[in-house]
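*Asks:* Under my numbering, think of the first position of the first sequence as 3, with each following residue one higher. Even for Gly, the Cβ is constructed at its ideal location relative to N, Cα and C. For clarity, every value in this text was computed on a predicted model and none was experimentally measured. The structure under discussion is supplied below as structure tokens; questions concerning it will follow.
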Amino acid sequence: MPELPEVETTRRGIMPYIVGEKVMRVIVRNKHLRQPVSGKLSTELVGQRIHDITRRGKYLLMYADTGSVILHLGMSGSLRIVSKKTRPGKHDHVDIIFENGRCLRFHDPRRFGLLLWTRADPLQHPLLKNIGIEPLADTFNGDVLYKKSRGRRVAIKQFIMNAHIVAGVGNIYASEALFLAGIHPLRSAEKIARLRYRRLAESIRQVLHAAISQGGTTLRNFVSGEGRPGYFRQHLKVYDRGGLPCQTCGAPVRHILQGQRSTYYCTNCQR
DNA sequence: AGAGGTACCTGGCAGC
DNA sequence: TGCTGCCAGGTACCTC
């Protein structure tokens, strides 16, 4: 479900309700996520205040008094702010309940998500310390991509979806950014010139910013922290548009599989 | 080191 | 209606 724009939308949606608030109780109904939810999450987090929520790639970091919660939504996860009296549904695995009566509810049917408690710097956690550059940071540009791509024979789409290269670009926005940049998704990363990487970096930033401004993309079931769907779906140029005419040239959008993931592109506009 | 495949898990939908 | 197979927004880990 969530790529960078959806995670960022979630972050912005939940922050006003829980930053500065004190945790009263943690309920873990199902601890079997990507890694088991540690009992320390409940024992240590209770009584602490949340000071800030940041994002690194697709990870959310909730900073509390003596440690942090590392949270990932996986393929199907979402976070909602509900009243603590709201009945939990089938896949509502974890609740973090605050003094103000609000509840941060983690919902994840496929359970590829993650909730960890750490007392150390979360950015130094093994899952996070090797994540690549933030595409929305000032330091991200085509030259960075160009340098990292030398000697990389993988297809460019898989290259930009590699979280150790760029953080947060998932399957939807990889296809979209390549379309905007006019680059064929099967092209080998090492065979793309510096100038084209500059255009690609700009396209990645552009599509991520645009998606965030629309509250992300809802294909099936993404909802923000406040329960709203994302409205970027109607702005998608190629993703999930297989067989439909390219909005630039009219040729049918092609759908292929790359590393078991769907890729969409225009054979005419992307070279 | 890089690349490719596999595993984790549930639900929805198309096709029979 | 019900079964089967495939697909889905992610990523870590294994092998070669």
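If distances are taken between C-alpha atoms only, which option among R273, L106, T11 comes closest to R89?
*Replies:* Counted from its first residue, the first sequence places residue 89 at position 87. That would be L106, whose Cα lies nearest to the Cα of R89.
*Asks:* Give the single residue among L73, G170, I214 whose Cα lies nearest to the Cα of I55.
*Replies:* Here residue 55 is taken as the residue at index 53 of the first sequence, counted from 1. Checked all of L73, G170, I214; the closest Cα to I55 is L73.
*Asks:* Just to confirm before moving on: does the CB-CB distance between V25 and G49 stay below 8 Å?
*Replies:* Locating residue 25 in the first sequence gives position 23, counting from the first residue. Locating residue 49 in the first sequence gives position 47, counting from the first residue. Yes, they are a contact pair.
*Asks:* Where does D140 sit, in a helix, a strand or coil, going by DSSP?
*Replies:* Along the first sequence, one-based indexing puts residue 140 at 138. Reduced to three states, the DSSP call for D140 is coil.
*Asks:* Would you mind stating whether I167 and I185 have Cβ atoms separated by less than 8 Å?
*Replies:* For this step, residue 167 is matched to residue 165 along the first sequence. For this step, residue 185 is matched to residue 183 along the first sequence. For I167 and I185, no; Cβs fall outside 8 Å.
*Asks:* Residues bridged to I258 by DSSP?
*Replies:* As a first step, residue 258 is located in the first sequence; it is residue number 256 there, counting from the start. Bridge partners of I258: T265.
*Asks:* Kindly indicate which three-state DSSP category Y199 falls into: helix, strand or coil?
*Replies:* As a first step, residue 199 is located in the first sequence; it is residue number 197 there, counting from the start. Correct three-state label for Y199: helix.
*Asks:* Name the one or two DSSP bridge partners that V96 has.
*Replies:* One-based indexing of the first sequence puts residue 96 at position 94. Looking at the DSSP assignment, V96 forms a beta bridge with V30, F108.
*Asks:* Can you have a look at A253 and say buried or exposed, based on whether 16 or more other CB atoms are within 10 angstroms of its CB?
*Replies:* Looking up residue 253 in the first sequence gives position 251. A253 should be labelled exposed.
*Asks:* By the three-class DSSP mapping on this structure, what secondary structure does S85 have?
*Replies:* Translated into the one-based positions of the first sequence, residue 85 becomes position 83. DSSP places S85 in strand when its eight states are reduced to three.
*Asks:* Under a three-way DSSP split, which group does P4 fall into?
*Replies:* Mapped onto the first sequence, residue 4 falls at position 2. In the structure shown, P4 sits in coil (DSSP, three-state: anything other than H, G, I, E or B).
*Asks:* Rounded to a whole number of angstroms, what is the C-alpha to C-alpha distance between T45 and P38?
*Replies:* On the first sequence, position 43 is the one that residue 45 refers to. On the first sequence, position 36 is the one that residue 38 refers to. In a straight line, the C-alpha of T45 is about 15 Å away from that of P38.
*Asks:* Using beta-carbon positions only, say whether K87 and E178 come within less than 8 Å of one another.
*Replies:* In the first sequence, the residue the question calls residue 87 occupies position 85. In the first sequence, the residue the question calls residue 178 occupies position 176. Against a cut-off of 8 Å, the Cβ pair of E178 and K87 comes out as no contact.
*Asks:* Tell me where the beta strand (DSSP E) around F66 begins and ends.
*Replies:* If you number the first sequence from 1, residue 66 lands on position 64. For the record, residue 66 in the displayed sequence is Ala; it is not Phe. Here the beta strand (DSSP E) through A66 covers 61 to 66.
*Asks:* I need the DSSP call for L43, collapsed to helix, strand or coil.
*Replies:* As a first step, residue 43 must be located in the first sequence, where it is residue number 41. Note: L43 maps to helix in three-state DSSP.
*Asks:* Helix or strand or just coil, what does DSSP make of Y241?
*Replies:* One-based indexing of the first sequence puts residue 241 at position 239. Coil, per DSSP.
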